[in-house]
Each structure stands twice: as structure tokens, then as C-alpha cells.
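Numbering (the UniProt record's numbering), first residue to last: 1 to 173. Take a look at the structure below.
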Amino acid sequence: MSLGTGRGPTYKVVLLGELGVGKTSLFRRIKENIFDEFSTSTQGIDSCTKVFKVDGESITMSIWDTAGVERFRTLTRNYYRNAHAAVFIYSVTDVSSLHFLTQWEKDTQNFAPNAIRMLIGNKSDLEAEVDDYTAEQFAKMHTFDRDAVISCKTGKGIHEAFEGLAKLLHEQG
Ligand code: GDP
Ligand code: MG
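And the structure:
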């Protein structure tokens, strides 16, 4: 926990998942509330801070996006360092993007063992290959603290998902 804004603790939240699942789209939704179908990926790591209200209290999250480096599997210790929460993202259109999360989950256990872990299925505006049951079983198997389905295109579910996460951080922080 660190004092970032003078309004209470700042929690570090890292976004994880395969290339193309929508991490940067989610990041931009949270940061600027925009969706850009043709955004090009940038290199390096990007972060922003966002304040959520939980029970009248301000919860500040600093949210980290990999910005493309995950394709080289070079997410390092540094990215995970002091993370309070890890958000595992898959695309509901691609079941392999769900299964690949097992790998990121292993890294999280090594580098941020105490982080709250949340599973998010993105692209719910498209036809799903991953059904709710499959996602729930996966979440159960990996003992994720929470799971949700969102669409970065329409914005559906994002606010609720992050408010839920803020609440968990507040309770456990
Ligand atoms: P990243 O590699 O995980 O950062 O994924 P991006 O955010 O770059 O998104 C990959 C592609 O999926 C882009 O073409 C996005 O426009 C698209 N995309 C992201 N979220 C959604 C969504 O909720 N619905 C749809 N239809 N497309 C999405
Ligand atoms: Mg990206």
C-alpha cells in the first residue's frame, strides 16, 4: 500500500492475458472511456490512476497495461512488483485465450502471490465460444476471487467489474 493521491491508499492493478484479448481497450476505457477499433499497439508499459467510490470512500487504483510486450513473454518481475490485484483477461470468442491464462497465473503466484485475482471475459458483444459454465469452472479451478464478463466495445460490465474489485481491495487492503 502506498499513499498516492492523499485520498487514501493506491492499489496497483496489473492487466494480464494474451495479445488481442482487449487489455489495451480496457485500459483506455478506464482511462478515457473511449473505444477505438483501429488503435495500434504501442510498446512499453503504460499506467493510469483511477478513483472508485466504495462505501463513501475513495479507492485509488493504479492500472497497468502491458502495451504489447506480452507477445515476447517478457513480462517480468518488475511488472508484477507490489501488485495488489491481477486481472486475467480472455476473449469470450477464443477459448485458447482462456486456457493460456494458466501461464500468467503461474507467474502471478511467483511474483505477486498475495494479489487479489480476478477473471474477466471480454468481447461479450460478439458471438461467444466460451460459455459461462466453462468460465466459472476455470475460475473455480484457479480459485479466482471474482469473475466477470465485459465488452470494451459497448462498455458493458466494466464499471461493475472494477467497482467489485475496488471493494475487494478495500476489504483486504
Ligand atoms: P490487447 O492486445 O490485449 O491489448 O488487445 P487490444 O485492446 O489491442 O484489442 C485487440 C482487438 O480487439 C482490437 O482490434 C480491438 O478493437 C478489439 N476489441 C477489444 N475489445 C473488444 C470488445 O469488447 N468487442 C469487440 N468486438 N472488439 C474488441
Ligand atoms: Mg495491448
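Ideal Cβ placement from N, Cα and C applies to all residues, glycine included.
- Between the ligand GDP and residue 25, a heavy atom-to-CB distance of less than 7 Å is present.
- DSSP lists 90, 149 as the beta-bridge partner residues of residue 121.
- Shown here for residue 21: same chain residues with a beta carbon closer than 7 Å to its own, the five before and five after excluded, namely 89, 90, 91, 97, 122 in chain order.
- By the neighbour-count criterion, in which a residue is buried when 16 or more other Cβ atoms sit within 10 angstroms of its Cβ, residue 141 is exposed.
- The ligand GDP approaches residue 21 closely enough that one of its heavy atoms is under 7 Å from the residue's Cβ.
- Relative to the ligand MG, the nearest heavy atom lies less than 7 Å away from the CB of residue 65.
- Under the three-state reduction of DSSP output, residue 162 falls in the helix class.
- Here the distance from the Cβ of residue 151 to the nearest heavy atom of the ligand GDP is below 7 Å.
- Only residues of its own chain outside the window of five on either side were considered, and among them 15, 23, 24, 27, 46 have a CB closer than 6 Å to the CB of residue 65, listed in chain order.
- Around residue 61, the same chain offers 11, 13, 50 as residues with beta carbons nearer than 6 Å, after the five sequence neighbours per side are excluded.
- Counting the other CB atoms within 10 Å of its CB gives residue 17 a total of 16 or more, which places it among the buried residues.
- Rounded to the nearest angstrom, the gap between the Cα atoms of residue 144 and residue 9 is 23 Å.
- Exposure of residue 102 is indicated by the presence of fewer than 16 other C-beta atoms within 10 angstroms of its C-beta.
- For residue 125 and residue 111, the gap between their C-alpha atoms comes out near 33 Å.
- In this chain, the beta strand (DSSP E) harbouring residue 15 covers 9-16.
- Out of 55, 78, 85, the CA that lies nearest to the CA of residue 63 is found in 85.
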